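Working notes, structure below.
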Amino acid sequence: MNRIPGYLKNEFGNLSKISINDRNFNTILGDLEELIYYLNDIGEHSWIIPIIKNLFSKIHVYRSYGDAVTYIRKFISWSISRNRFEIAFEIYDFLEDLFLYQTDLGYDNILIELWVEACKKFVEMKEKKYLLLSIEKLNTHLKIPQTNAQLYHFFYTCNFLW
-11 MNRIPGYLKN
-1 EFGNLSKISI
9 NDRNFNTILG
19 DLEELIYYLN
29 DIGEHSWIIP
39 IIKNLFSKIH
49 VYRSYGDAVT
59 YIRKFISWSI
69 SRNRFEIAFE
79 IYDFLEDLFL
89 YQTDLGYDNI
99 LIELWVEACK
109 KFVEMKEKKY
119 LLLSIEKLNT
129 HLKIPQTNAQ
139 LYHFFYTCNF
149 LW
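In terms of my numbering, the sequence shown opens at residue -11 and continues consecutively.
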């Protein structure tokens, strides 16, 4: 609460008193999404990522992991359409952490595709800073392929990079 700007303290004062359960989950989900839009409108972007991460954890609890990933991915396009590239990159980074937690450290198509998607989005928007960061992340995940399918995927991805 101490890091919230003074003019928002009244708005956020009762957040800790809210309890989420099966009955009110959808309502609160909608309210939190509206809060993200409101924070964007008033220029308080630093709060959007923590709320998106919280949304992910709640959706994971009350629905499923897949629903949670799908739900927060929609904020990537939303943030890019509003030229909030830092938010989109942080969402990609958050998804990377989630996927890394669930995989071995070998060749991982999902992580590679995640960063290929990020590269494509940042190329389309001509956003060089986040494109370079995305390419760097992509290069870290491009390991030596072990199977024929991975080898094909590896060359496809390298072709995209070149």
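Glycine residues also receive a C-beta, built at the ideal position from the N, C-alpha and C atoms.
As the structure is a prediction and not an experimental result, all values here were calculated from the model.
With distances taken from CA atoms, which of Ile24, Asn97, Leu126 and Ile16 is nearest alanine 137?
It is Asn97.
Excluding the 5 residues preceding and the 5 following alanine 106 in the sequence, name in chain order all residues of the same chain whose CB lies nearer than 6 Å to its CB.
Tyr80 and Ser122
Quick one: measure Cβ to Cβ for isoleucine 64 and alanine 76, integer angstroms, because I've assumed they're closer than 8 Å.
5 Å
Isoleucine 36 and leucine 27 - do their beta-carbons sit closer together than 7 Å?
yes
Going by the CB atoms, is the gap between isoleucine 68 and lysine 109 shorter than 7 Å?
Closer than 7 Å, so yes.
Going by DSSP, what residue range makes up the alpha helix (DSSP H) through asparagine 12?
Here asparagine 12 belongs to no alpha helix (DSSP H), and DSSP marks it neither H nor E.
What are the start and end residues of each continuous alpha helix (DSSP H) run of 4 or more residues lying completely inside the segment 70 to 140, in chain order?
73 to 89, 97 to 112 and 116 to 129
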